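So the protein lines, in turn, are chains A, B, C and D. Under the working numbering, the first residue of the first sequence is numbered 2, with each subsequent residue one higher. Under the working numbering, the first residue of the second sequence is numbered 2, with each subsequent residue one higher. Under the working numbering, the first residue of the third sequence is numbered 2, with each subsequent residue one higher. Under the working numbering, the first residue of the fourth sequence is numbered 2, with each subsequent residue one higher. All residues carry an ideal CB built from backbone N, CA and C; glycine is no exception. Remember, predicted model here, so these are calculated numbers, not experimental data. For reference, the structure is listed below as C-alpha cells.
Number of protein chains: 4
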Amino acid sequence: MPELVFPLDSTKSFTDQAIVGHNRWHPDIPAKVTVKPGDSFRVHCREWFDGAIHNDDSADDILNAPLAGVHVLSGPIAVEGAQPGDLLIVDILDVGPIPQEDSGPLAGQGWGYTGVFATRNGGGFLTEQFPDAYKVIWDFTGGVATSRHVPDVAFTGIVHPGLMGTAPSASLLATWNAREQALIDTDPQRVPPLALPPLPDSAILGDLTGAEHDRVAAEAARTAPPRENGGNQDIKNLTKGSRVFYPVFVDGAKLSMGDLHFSQGDGEITFCGAIEMGGFMDLRVDLIKGGMDTYGVSENAIFMPGRTDPQYSEWLAFSGTSVTLDGEQRYLDSHLSYQRACLHAIDYLQKFGYSAIQAYMILGAAPIEGRLSGVVDIPNSCSTVYLPTAIFDFDVRPGANGPHQVDPGMGVPMSAG
Amino acid sequence: MPELVFPLDSTKSFTDQAIVGHNRWHPDIPAKVTVKPGDSFRVHCREWFDGAIHNDDSADDILNAPLAGVHVLSGPIAVEGAQPGDLLIVDILDVGPIPQEDSGPLAGQGWGYTGVFATRNGGGFLTEQFPDAYKVIWDFTGGVATSRHVPDVAFTGIVHPGLMGTAPSASLLATWNAREQALIDTDPQRVPPLALPPLPDSAILGDLTGAEHDRVAAEAARTAPPRENGGNQDIKNLTKGSRVFYPVFVDGAKLSMGDLHFSQGDGEITFCGAIEMGGFMDLRVDLIKGGMDTYGVSENAIFMPGRTDPQYSEWLAFSGTSVTLDGEQRYLDSHLSYQRACLHAIDYLQKFGYSAIQAYMILGAAPIEGRLSGVVDIPNSCSTVYLPTAIFDFDVRPGANGPHQVDPGMGVPMSAG
Amino acid sequence: MPELVFPLDSTKSFTDQAIVGHNRWHPDIPAKVTVKPGDSFRVHCREWFDGAIHNDDSADDILNAPLAGVHVLSGPIAVEGAQPGDLLIVDILDVGPIPQEDSGPLAGQGWGYTGVFATRNGGGFLTEQFPDAYKVIWDFTGGVATSRHVPDVAFTGIVHPGLMGTAPSASLLATWNAREQALIDTDPQRVPPLALPPLPDSAILGDLTGAEHDRVAAEAARTAPPRENGGNQDIKNLTKGSRVFYPVFVDGAKLSMGDLHFSQGDGEITFCGAIEMGGFMDLRVDLIKGGMDTYGVSENAIFMPGRTDPQYSEWLAFSGTSVTLDGEQRYLDSHLSYQRACLHAIDYLQKFGYSAIQAYMILGAAPIEGRLSGVVDIPNSCSTVYLPTAIFDFDVRPGANGPHQVDPGMGVPMSAG
Amino acid sequence: MPELVFPLDSTKSFTDQAIVGHNRWHPDIPAKVTVKPGDSFRVHCREWFDGAIHNDDSADDILNAPLAGVHVLSGPIAVEGAQPGDLLIVDILDVGPIPQEDSGPLAGQGWGYTGVFATRNGGGFLTEQFPDAYKVIWDFTGGVATSRHVPDVAFTGIVHPGLMGTAPSASLLATWNAREQALIDTDPQRVPPLALPPLPDSAILGDLTGAEHDRVAAEAARTAPPRENGGNQDIKNLTKGSRVFYPVFVDGAKLSMGDLHFSQGDGEITFCGAIEMGGFMDLRVDLIKGGMDTYGVSENAIFMPGRTDPQYSEWLAFSGTSVTLDGEQRYLDSHLSYQRACLHAIDYLQKFGYSAIQAYMILGAAPIEGRLSGVVDIPNSCSTVYLPTAIFDFDVRPGANGPHQVDPGMGVPMSAG
C-alpha cells in the first residue's frame, strides 16, 4: 500500500478528521499535504454526502439530503514543482470501497446507494417522469453489485472517482462565477435552478478560519459541474489503471478528489447517481513541464482509460431523437435525444416486469454506454444507449416467446417531493 | 451469396436502373420487391449523391453537391405478412463496398470520401470553425482505410449503413411534416436551415409518375434526419452481424436502406461525413407479430451490434463541457459539450503537425467513440471523445519527449463556401 | 477487388483449371504467377479434397476421402526480388467462402463440412474414442454457421486459411524428408502412421510433366504437417486483417495457400477438421530484405492477428492433466492433457443431451480456445479448453436447476471405419 | 472486507501462525476453519516458499530454495454440508498482494519474484537452454509490474492463485501415489526427476502431531502437480470475478489455496515461475448437491474466468512445431512445439537487445497466451505463443527500420547450478 497521506476515520464526520478537506473550489484553500512528482500515495475519500444517506428502505434521506455540503473532497494535495502551464499526470493505481470495512453506516462499507432527487433538489436527467425522491441500496459482494430493490440484475463494478481536479486560478474562478451567474440571471427562479452560485453556508475550506474563511467561502465555486480543471466529470471509465492529464492553474497544482462510484452508466442519469460510496484511491503523480502549451491542453482534462474495465460482448441498444415527448421538434438536441433513448430503454424493461423507476435505476447504476451517434442530421440528433445483456439474470433480448417476467419485489423506496 | 433482389449497375445513374429506388419517405412509394420472413437477400446500394463526388483533389464537387437529391435509397422492399404493430427483425448478414470493382468513378469502387459542407449547405458539427467545403479521399485496401490527404493514419473499416428504415404511415408522415415545419417557422431564414421541408424538386419515388408522383413528392419527407422509423441514424455500430428491430407502420413494412459508410466516428461530425461509399448489403428479415406492443418499441429502432467490430484496447480521450468558445455558459447542452470535446481533440492533434481540418476529418471518419459522460451536473454536461491510439502510425500519447511531428503532405482540398 | 491472379472455376476439377496448383512442397514446382512487393491480389482456393465431400447426410465420402491428393493448393506465387534470407510479409486483406455462389456441390458454396477420419485414415485427436468416420454439414448464413447435424449452436465465422507458406529450399526439403522418415522407421506399420513420406501417386505439381514431374513427385514433401515454411499450421487466428511474416528459402519465395476454414477451434481437433471450404483470399505482399537474420526468424512463421475476430466475453473452461484414461501417469504431456480437457468438455456437453460425437464436432468447429496453462508442474501438465457460452442457444453454465436438454435431432452421420 | 477466517502474520513463519496450514494433500489433515454455503470470507496466503526468496540481486536463494517445503497452503477449509459427489462452487471475489503492506521482506509486500530453477532442482520448461538458477524481482505499482532486471517492459497484473483445490479421498490419494510412483520407477535417477513421491521431511500438516502426523506425512501427496482436485493448475485466468467448480471427494470438501501470482504467462514456463507473491483471497462458496454426476464433472475443475482481465488488442505471435533443436522429428508433441514457439520468441526478443534469460523471464511473467493451434497434422503439432505488443515501451513489431535496441541494464541475477 502506498503511503496514506490523506486519512479518514470512518467513525468521525468529515470536519472532525485529522486533515479536513473541502467542498468548494478556490485557489486559496490551503494544501496540508504535499507530494513529489513520481510519488505514489493513498487518499481516503468520503461519500459525497458525508454519511447522510443510510442503508435502509426509505428515501427520506435523499429527499432531505444536505445539498449545500457537497461534494466533500479529499485535498487539496500540492505537487512539488507544479506551476501554471504544466500538465499534471495522475495515474489511478487503484480505487475501491473502504478497505477492511464491509458493514457499517457509511456508504462504501460493503454497500452504496443510487438516488434520484426530487425536482426541487435538482431532479435527475428524467425529472419530468420521476419528480420525487428515490433510493436504491446496492450490496457489494467482491466486485459485483446487486440490490434488494432491483431484482435479477448484477454487474461487475466499474469503480472510479466521480470527481477529481486541480484548483482554479483566481482569474479562472472569476470566469466561472461570472459565466454561471449570467446563466442564472436568465431565469433566477427556475426549479431546478440553472446553476449553483457560491454559497457560504456549509462551505468546508480545509483549515481556513475567520475572515479568510468567509472571503473564500463567498468566492468559491460549487463542485457540481465539471469545468476546465476536470472536476465532477463523472466519467465512468476513469477506472484503475487510467492515466489522467490535468491542466495546472496554480502553483502546486492542488489536486483534490472524491465522489467515488462503485459503478455508473454513461451520463450518471439518476444524478445521485452512480452507486455512491466512500473508499480509497491510490495515485501516482508526475508533471509534463509546460505541457499545456506543448500539447494544446488548456481547458479540459484528457485521459487514457485503464485496461481492466468489465468486458461485455453482447449489447442491446436503444435510440432516441430530438423530439420531445409532447411531439415538439427540437434542433440537434443531443441531450434530448439521449433522454428519449433512455426512456425507450425504460419502456422496454417495463415489459419484463420492472417498474419504471427500477428500470431508471438500472440505467443509472449499471455500466451502460451512452453514445452521440448522429449529431448533424438536421433537425434530429440521434443518441443511443447500450445495455450489456449479461447483467440480467434472464434473456433480455426480444424474441418470439415474449418477455420473461421478473418479480419486482419490494421495489424502489420513494419519498414524495 | 443470397439472391440479389435489388441490383444496381455501376455504369448507370440511379434513375436508369432496372428497379428505381427513392430519395424521400412516403407510404405510397410502391415496393417493387417482396421478400418473405426468413428470407436472406442481397441489395445493392448507391453512394448517397449518386456518383456526384469524384476521386480527385478538389472540393468543388462537395461545394456544389446535389443536396436536393439525397439520399438515393434502395427499396422499398415489402415483407410478406408485415402489418402495423409488428417488429421487423433485420439481420445484417454482410455489408461492404461494391464487390469485384476496386477502381472506377463511383465511391465504393475501392475508395470513398469524407466531406464537410459549406455552411450554406448545412455545414457540419463544427461549421463555425470550418465554414467552407472540404473533401478527403480514402483508399480501401482490404479492410483498412488510408488517405493521401491525411497521412500517417490507418484504420480497420467499421462498415455499416448510415440509413435504413421502414416506411412511415400517412399519419406518422403528417406528424413529421408538421413538427419540422413548426421548427422551421421559428427561424425560416436561418443558414444553415433548422430543418428541410418536403421538396418536390429532385424527388425520386420509384416508378411513380404523373399526378401521383406529384402528390407524393409534395408530401414526402426528406431523408436527412433519423426518425421513429430508424432512417438516417448514422449509428457506426450497425455492422456485419448486427440485428435491428424496426417498428412496422404500413402493410409490408417497406424497408429501405442506403448511405453506406466504410467507417465513421460517433456523431458523423463531418456531416458528409463518415467515409461515404456505395456497395451491398446482405440481409435477412423476420417478424415479431405484434412486437411493438409486446416489447414497448413504438417510436425507435432497437438493435444488437455485431461481434466483429474492430477491437482497440488503448484510447486517448478528450472531454468538453457546455461552455461556448466565447465563454458563454449553456445549460446541460450535451451537443455543445461534444463539440468542445472534439475541438479539444483537434487542438491536440494539431500539435503533432496535422492541420485543423485534417484532425477534423480523422474524427469524422475513424472509429472514434463519443460518450455522454455526465448529463446532470448543472450547468455543465460533460461529453467525451475517445480516439483509438493504434490508428496512428506514431505514438500519439502525451509524454516527456513532446509530440511527434507528421508531415501533413498535400493536405485537405478546400473550396471556399 | 484486387486483381485475380489465381482463378478457379467452380465447375471444373482442380487439375482442369487455367492455372494448375499443387499438392506437394518442392522448390522446383514452377510459379506461373508473379507479383511485386506492395501488390494486392486475389487468389481462389479450392477446398482441400477438391470437391470429394458432399452436402449430404452420409459419412461415406469422409471414409473414402482421397487422402493422397491433399491439400490442393493455389500457387506457387513468385514475389519479385524475394531472396533467401528475406522475410516475406503477407497481409490477409480478406478471406471468405466462394463469392457470389451460395449453393452448389463445392464446399464453400454456402456450406462447409467438418469430418473425423476413421483411425486407419489418420483418425483425429480423439481417435481412440471416435474410431469411425463422421461428417457434419454447416450452413453459412452471412457470417454465422449452423448445422442440421448439431442443433442449438451457432457461431460467427473466424475465417482463415489452414495452410499458407513459402517453398522449401532443396536442402530444407531434404531435411524434412530425412527427419520424418527416421520417425516413420521407428514404427513403420503403425496405424495411424507416424508421418507421411513422399507419395508420387496423386501428386499435382503445377504444369510439370514427364521425367521432371516424376523426379519432383518422388522428392516432394506432403502438405499435412506445418513446418519451417509455415504450411499447414491451422492457426484459427490468421483472420482478415492479419499480417504474417514467412522466411524465404528460395528465389521468389514461392508462396502457396489453401485449406480455407470458415471456423475452427484451437487444435483443429477433429482433423478434417475445422469447417472446410473453398473460397478466396485477398493478399498483399511485401519484403523485409535480410529480415530472417535481422529479426531472428529463420524456422517459423510469425504473425499478428487481425482486429475483427469474433468477440466473446463469457467462457466455460475445462482442464485436463497428463494422465491417460486408463490411469497411467505421463510426464508433462501437454498433448495428452489437452485431450483430457477436451474429453471433459465432451462429458459435460453430453449431460445437455448432445451425443458424444456432436460435442466433439462442436469443439472442432467452434472458436474454442486451447491453452497450455501449466507445462512445468511435474509430472502433470495442465491444458485448458475454453468454450464461449454465447454460441449455445441455451444457458450452458452449471447451475442449481441442472442441465437444459437439447433435442439431438438426426445426429451426426457415421460410417464404420 | 469479508470475515478473515485464515489470518497470517507477515512477521511470523508459516508454522508459527495462529492457524497452521499445510503443504501436502491428504484427506486427514484437519480443517480448523468451517464456512457455510453462501458465505464470503477472506483468506491470507503466504508465498509458496514461506519467505525464503529475497528482494535482492542474487539468485542464490533460488538455487538453494527449500523445495521440500512447498507449497505452503492456507486451509483446509471445511464447507458445511459438502459431501462426496457434490460440486463446490468457489467464487474468487478478489485476490491481491498483501494488503496495506507495500514494503518488507515477504514477496507480496509490494514486490514479487520470478525464478528459474537449476536443472537439478527441477529446471524449467527450457532447462536445456537455461540450466542454472536465475531470479528477477518485480515491483508492483498499483496494478502494474516492472523490474530493474528486465527493462522497458510493464504489464497490468493478471492476479490469480496458482493453486487451489479440494482434498482427495483416501482412495484417490492412493491412486495418485501409485501412478506417480510407477512413472518414477521408469527412470528413478532422472535429473530432473519424473515426479515427486511423498516426502515426510518438511511436511506441514496443520496441527497434526505424533504418530498421526507421521502416518499422514508418509502418505500425503506433494503439491506440485495439478490433479483431479484442481490443485496447482497455474491457470493465469483464475482472476477476480472467476467462478470455479471443484469435485468434492471428502466430507466438507476441505478447500485449500495458495501460491498466489501477480501475473503469469500461459504455462508458467519459468517454473518458479509467474510472479510469486503472498497476499489475500476473498472467496464465496456454494454447493451443487450431486453436481459431479449431474454435470459429468468428476476428475477435473471447470471454471468461468472473470470479466476484468487486462485487455490487449494487438499481439505478436510465434509458432513452433514438434521438431527438436537437434532436428529430430517427434510425433505430435505439443509440449515440444510450445517449447519451440517460446524459443522462437526468445530468439526474436534478443534482436532487440534483451539477453536470452531476460526474454525468457518476460515470457514467464507477462500475460502471454499459449495456444494449442494444431494437434492433428502428423507428425507436427503446432503451438503458438502470443505476446501483447503494448507491454513493451517500444515498437516490438517487425518493420523496415530494424529492431529498436534496449539497454539491457544490470540483467538477470544468475547462480550457477
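Given this structure, state the Cα-to-Cα distance separating residue i from residue j, to the nearest angstrom.
i: B:P106; j: B:Y296; result: 45 Å
i: A:D17; j: A:L200; result: 21 Å
i: A:N56; j: A:M411; result: 15 Å
i: A:S170; j: A:P38; result: 21 Å
i: A:D51; j: A:S14; result: 7 Å
i: B:F263; j: B:I276; result: 5 Å
i: C:F319; j: C:V386; result: 5 Å
i: B:K237; j: A:H150; result: 35 Å
i: C:S113; j: B:D140; result: Looking at the sequence provided, one finds Gly at residue 113 of chain C rather than Ser. Between C:G113 and B:D140, the C-alpha separation is close to 33 Å.
Does any C-beta atom of chain B lie closer than 9 Å to the C-beta of residue i?
i: A:T120; result: no
i: C:L94; result: yes
Count the other CB atoms within 10 Å of the CB of residue i; is the residue buried (16 or more) or exposed (fewer)?
i: B:A360; result: buried
i: B:D378; result: buried
i: B:V407; result: buried
i: A:L326; result: exposed
i: B:G125; result: buried
i: B:T210; result: exposed
i: D:V192; result: exposed
i: D:P421; result: Not covered by the structure: residue 421 of chain D. The range shown for chain D is 2 to 418.
i: A:S59; result: exposed
i: A:T35; result: exposed
i: D:N381; result: buried
i: A:D334; result: buried
i: C:Q101; result: exposed
Does residue i come out as helix, strand or coil in the three-state DSSP assignment?
i: B:F304; result: strand
i: C:V154; result: strand
i: C:L256; result: strand
i: A:Y361; result: helix
i: D:E4; result: strand
Just list the residues that DSSP pairs residue i with in beta bridges.
i: C:I289; result: C:L88
i: A:F141; result: A:A146
i: A:F281; result: A:H45, A:G97
i: D:G116; result: D:K136, D:C273
i: C:R25; result: In the DSSP output, where bridge partners are listed per residue, C:R25 has none listed.
i: A:S320; result: A:T385
Verify the CB distance criterion: does residue i have a CB-CB separation below 9 Å to chain C?
i: D:F15; result: no
i: A:E443; result: Because chain A here runs from 2 to 418, residue 443 of chain A falls outside it and cannot be looked at.
Would a check of beta-carbon distances place residue i closer than 9 Å to chain A?
i: C:A391; result: yes
Does residue i have its Cβ less than 9 Å from a Cβ in chain D?
i: C:F272; result: yes
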